[in-house]
Amino acid sequence: MLKFFFRQQQIGDKDRSHPTAAPPERSPEPFCCAVSPDMLRRRPEAPCRFRVFWATTMAMSFEWPWQYRFPPFFTLQPNVDTRQKQLAAWCSLVLSFCRLHKQSSMTVMEAQESPLFNNVKLQRKLPVESIQIVLEELRKKGNLEWLDKNKSSFLIMWRRPEEWGKLIYQWVSRSGQNNSVFTLYELTSGEDTEDEEFHGLDEATLLRALQALQQEHKAEIITVSDGRGVKFF
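Under my numbering, the very last position in the sequence shown is 268; numbers go up by exactly one each time.
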């Protein structure tokens with residue numbers, strides 16, 4: 036749940052809280068409201084101003100690269116060299132943003148409405164077709180997996196599965212947990228892993244990391260009494 040502090044700016048009957056409206060002469064006292072980002076992503080009918088303030092709040096907590104404040108960045112350029120540099124910048128931005136906010140999966144339409152591809156202040160939004168090109172570039176790098184045939188939803192991995200697997204196995208070896216069995220919950224939500232980077236990792240990415248370890252014969256995904264687990268070798 037996020038808290039949004041914003042100013043109610045009304046002049047007559049016209050609501051000036053919309054980002055395209057002219058600023059008021061005076062700034063009234065701010066008030067606070069709590070809205071769940073998941074609710075906003077799932078409900079496109081949610082009030083526009085809440086989506087705007089959610090985007091603003093997330094944007095304020097992230098250090099954007101200089102390109103994000105440059106309007107042409109939101110149009111993929113036709114020149115091959117320029118486009119490659121542009122795509123590299125977008126890929127880096129997507130991974131950094133998702134890593135900070137621990138964003139692991141979303142739809143293309145949700146991504147377009149998020150502050151990641153929608154700069155409300157500039158009133159610039161990367162088109163869906165361009166977003167799909169950026170995401171496909173990430174797939175080629177091993178940082179993304181499409182979740183459906185239509186390529187409308189995806190899993191984003193700011194670390195590739197084998198990189199997550201390496202981190203997990205390093206912790207297992209360091210803590211003397213070889214030949215031990217863990218539930219998936221214990222790995223990502225247990226007290227023993229609170230200081231580890233993979234703590235809080237989503238289950239889909241965790242499974243792919245464990246599958247990578249399984250291919251290296253360092254682990255085996257098993258069924259335990261309360262779901263899936265893993266045995267490390």
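The beta carbon of each residue, even a glycine, is placed where N, CA and C say it ideally should be.
Original post:
Roughly how many angstroms separate the alpha carbons of Thr-258 and Leu-157, rounded to a whole number?
Top reply: The residue labelled residue 258 in the question sits at position 223 within the sequence shown. The residue labelled residue 157 in the question sits at position 122 within the sequence shown. Looking at the two C-alpha atoms, the distance is approximately 50 Å.
**OP:** Work out the CA separation of Gly-225 and Asp-48 for me, nearest whole Å.
**Re:** On the sequence shown, residue 48 is found 13 positions in, with the first residue counted as 1. On the sequence shown, residue 225 is found 190 positions in, with the first residue counted as 1. Low local confidence applies: a pLDDT of 42 at Asp-48 is under 50, so the model's placement there is unreliable, with the coordinate-based value given in what follows. A straight-line Cα-Cα distance of about 53 Å links Asp-48 and Gly-225.
**OP:** Under 8 Å by Cβ, that's how I've got Phe-267 and Val-207 pegged, so tell me the actual separation to the nearest angstrom.
**Re:** Against the sequence shown, residue 267 aligns to sequence position 232. Against the sequence shown, residue 207 aligns to sequence position 172. Rounded, the Cβ-Cβ distance is 5 Å, consistent with contact.
Subject >> Nearest neighbour of Trp-199, chosen from Gln-249, Val-155, Asp-116 [CA to CA] >> reply: What you label residue 199 is simply residue 164 of the sequence shown in a count that begins at 1. Taking only the C-alpha atoms, the option nearest Trp-199 is Gln-249.
Original post:
Phe-132 lies in the alpha helix (DSSP H); which residues open and close that run?
Top reply: In the sequence shown, residue 132 corresponds to position 97, counting from 1. That run of the alpha helix (DSSP H) goes 115–136.
Original post:
Would DSSP call Leu-173 helix, strand or coil?
Top reply: For the purposes of this step, residue 173 is taken as the residue at position 138 of the sequence shown. If DSSP states are grouped into helix, strand and coil, Leu-173 belongs with the helices.
Original post:
Exposed or buried, Asn-213, counting other C-beta atoms within 10 Å across all chains shown (16 or more means buried)?
Top reply: The residue given as residue 213 occupies position 178 in the sequence shown. Around the beta-carbon of Asn-213, fewer than 16 other beta-carbon atoms lie within 10 Å, marking it exposed.
Original post:
Helix, strand or coil for Lys-160 per DSSP?
Top reply: As a first step, residue 160 is located in the sequence shown; it is residue number 125 there, counting from the start. Strand.
**OP:** Give me the Cβ distance between Leu-245 and Val-265, rounded to the nearest whole Å; I'm assuming they're in contact under 8 Å.
**Re:** Taking the sequence shown and counting its residues from 1, one reaches residue 245 at position 210. Taking the sequence shown and counting its residues from 1, one reaches residue 265 at position 230. Confirmed, about 5 Å.
Subject >> 7 Å CB neighbourhood of Ile-166 in its chain, flanking five on each side removed >> reply: Counted from its first residue, the sequence shown places residue 166 at position 131. Val-143, Ala-146, Gln-147, Phe-152.
Subject >> Backbone secondary structure at Glu-197 - three-state DSSP >> reply: In the sequence shown, counting from the first residue as 1, residue 197 sits at position 162. Residue state, collapsed to three classes: helix.
**OP:** Return helix, strand or coil for Met-192, following the three-state DSSP convention.
**Re:** Here the question's residue 192 lines up with position 157 in the sequence shown. Three-state DSSP puts Met-192 in coil, outside helix and strand.
Original post:
Going by the CB atoms, is the gap between Phe-189 and Leu-179 shorter than 8 Å?
Top reply: Along the sequence shown, read from residue 1 onward, the residue named residue 179 stands at position 144. Along the sequence shown, read from residue 1 onward, the residue named residue 189 stands at position 154. In contact: Leu-179 and Phe-189 (Cβ atoms closer than 8 Å).
**OP:** With distances taken Cα to Cα, identify the nearest neighbour of Asn-185 among Leu-122, Ser-260, Gln-205, Glu-164.
**Re:** Mapped onto the sequence shown, residue 185 falls at position 150. When each option's Cα is compared against that of Asn-185, the closest is Glu-164.
Subject >> Identity of the residues DSSP links to Val-265 by a beta bridge >> reply: If you number the sequence shown from 1, residue 265 lands on position 230. Checking the DSSP bridge columns, you'll see Val-265 partnered with Phe-217, Ile-256.
Subject >> Collapsed DSSP secondary structure at Leu-179 in the structure displayed >> reply: Walking along the sequence shown from the start, residue 179 turns up at place 144. DSSP, reduced to helix, strand and coil, places Leu-179 within a strand of the structure shown.
Original post:
On the premise that Ser-140 lies in contact with Ala-239, defined as a C-beta separation below 8 Å, what is that separation, rounded to the nearest angstrom?
Top reply: On the sequence shown, position 204 is the one that residue 239 refers to. On the sequence shown, position 105 is the one that residue 140 refers to. Indeed they touch by this definition, with Cβ atoms about 7 Å apart.
**OP:** Use the C-beta contact count for Gln-205: other C-beta atoms within 10 angstroms, 16 or more gives buried, fewer gives exposed.
**Re:** Taking the first residue of the sequence shown as position 1, residue 205 is located at position 170. Under this definition Gln-205 is an exposed residue.
Original post:
Is the beta carbon of Gln-121 sitting closer than 8 Å to the one on Leu-135?
Top reply: Stepping through the sequence shown from its first residue, residue 121 is reached at position 86. Stepping through the sequence shown from its first residue, residue 135 is reached at position 100. Result no, Cβ atoms of Gln-121 and Leu-135 do not sit closer than 8 Å.
Original post:
In terms of residues, what are the limits of the alpha helix (DSSP H) holding Thr-240?
Top reply: On the sequence shown, residue 240 is found 205 positions in, with the first residue counted as 1. Boundaries of the alpha helix (DSSP H) harbouring Thr-240: 238–250, taken from the DSSP string.
Subject >> Reduced DSSP secondary structure (H/G/I, E/B, other) of Ser-293 >> reply: Given that the chain is displayed from residue 36 to residue 268, the structure contains no residue 293 and the question cannot be resolved.
**OP:** Give a yes or no on whether 8 Å exceeds the smallest Cβ distance from Ser-149 to chain D.
**Re:** You won't find chain D in this structure, because it holds only one protein chain.
**OP:** Please report the Cβ distance between Thr-218 and Gly-262, rounded to the nearest whole angstrom; I am assuming they are in contact, meaning their Cβ atoms lie under 8 Å.
**Re:** Along the sequence shown, read from residue 1 onward, the residue named residue 218 stands at position 183. Along the sequence shown, read from residue 1 onward, the residue named residue 262 stands at position 227. Contact between Thr-218 and Gly-262 holds, with the beta-carbon distance rounding to 6 Å and staying under 8 Å.
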